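K.L.:
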Amino acid sequence: MRRAVGSTSFRVRRQFGVCRVNARSDDRDEFPEVELREPAWAALLAWLIPGAGHLYQRRFAKAAIFFVTIMSIYVSGVAIGGGQVVYASWRPNDYHWQFACQAGVGLPAFPAVIQYFRARDGKMPFFADRAYRINGRGEVLEEVSVGTPGSIATGPFSPPPGPIPTDQRCVLSIWHERLQHRFEIGTLYTVVAGLLNLLAVYDAFAGPFFIVPEGKDDEDDDERKDDDS
98 MRRAVGSTSF RVRRQFGVCR VNARSDDRDE FPEVELREPA WAALLAWLIP
148 GAGHLYQRRF AKAAIFFVTI MSIYVSGVAI GGGQVVYASW RPNDYHWQFA
198 CQAGVGLPAF PAVIQYFRAR DGKMPFFADR AYRINGRGEV LEEVSVGTPG
248 SIATGPFSPP PGPIPTDQRC VLSIWHERLQ HRFEIGTLYT VVAGLLNLLA
298 VYDAFAGPFF IVPEGKDDED DDERKDDDS
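Following the numbering used here, the numbering of the sequence shown begins with 98 at its first residue and continues without gaps.
Put into structure tokens, the structure is as follows:
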């Protein structure tokens, strides 16, 4: 991978497990190392909890930066969206593809999976805060108290209950009416947080990029060839 910076050409060097870089210090070459320990485990931990993989690798500064940055974006998005923007649903008229990106944040998105299975099995969601009477076409007849017989409840991270018609006032349309632009903004924040964490996962697995002058790197290659000969 090459890029020009001014009049100098640079090349990225990467090795899995241990990342090496050429650096100039007191006119001598040094080869600092970044120990990645077990990259696969680090990547898994980095996905489960932002920054956890870097903490495992003892890269404490990056662990703190990733955790604070990604979690603040994610929590802000959930709060802006009223707890309704992160949910799992693959039904007609509600293929919530954004959850595939939101899931990149790991365990913080896992409540949506739990709520999905509870909704699929006809169980009341955890922390239910609203309930609706819905007819067979998915149209909301009225909003009622949670626990009212014949009603369907919703809660944070739970998918909108009932069918999702395009020509009727359904639960999903009520969410959009109530939250307005905050629904889209909250969704965007949580999607961005998930995608950012995927970059952190890659960094935990493959290590950081180091950029070295290409000319100097070629000299080192020539020196190694001479030593081998």
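A virtual CB, placed ideally from N, CA and C, is assigned to each residue, including glycine.
Every value quoted in this text rests on a predicted model; they were computed, and no experiment measured them.
1. Evaluate Val165 with the Cβ neighbour count: other Cβ atoms within 10 Å of its Cβ, from every protein chain shown; 16 or more gives buried, anything less gives exposed.
2. Among Pro222, Asp300, Leu293 and Val172, which residue has its Cα nearest to the Cα of Cys198?
3. According to the neighbour-count rule (16 or more other Cβ atoms, all chains shown, within 10 Å of its Cβ), is Tyr299 buried or exposed?
4. Quick check: Pro253 and Val268, are their CB atoms within less than 9 Å of each other?
5. May I ask you to list the residues that DSSP assigns as paired with Glu274?
6. Fully enclosed by the region 233–280, which beta strand (DSSP E) runs are 3 residues long or longer?
7. Spell out the partners DSSP gives Arg230 in its beta bridges.
8. Figure out for me which residue from Met221, Phe224, Pro222 and Ala250 has the closest Cα to the Cα of Arg230.
9. I need the straight-line Cα distance from Ile177 to Gly233, nearest angstrom please.
10. Pull up the DSSP beta-bridge partners for Asp191, would you.
11. Please name the residue or residues paired with Glu135 in a DSSP beta bridge.
P.N.:
The relevant details are as follows:
1. exposed
2. Cys198 has its Cα closest to that of Leu293, out of Pro222, Asp300, Leu293 and Val172.
3. exposed
4. no
5. Beta-bridge pairing links Glu274 to no other residue.
6. 237–241 and 249–251
7. Paired residue(s): Glu239.
8. Measuring from the Cα of Arg230, the nearest candidate turns out to be Ala250.
9. Ile177 and Gly233: Cα-Cα distance of roughly 31 Å.
10. Arg188
11. For Glu135, which the question treats as bridged, DSSP gives no partner whatsoever.
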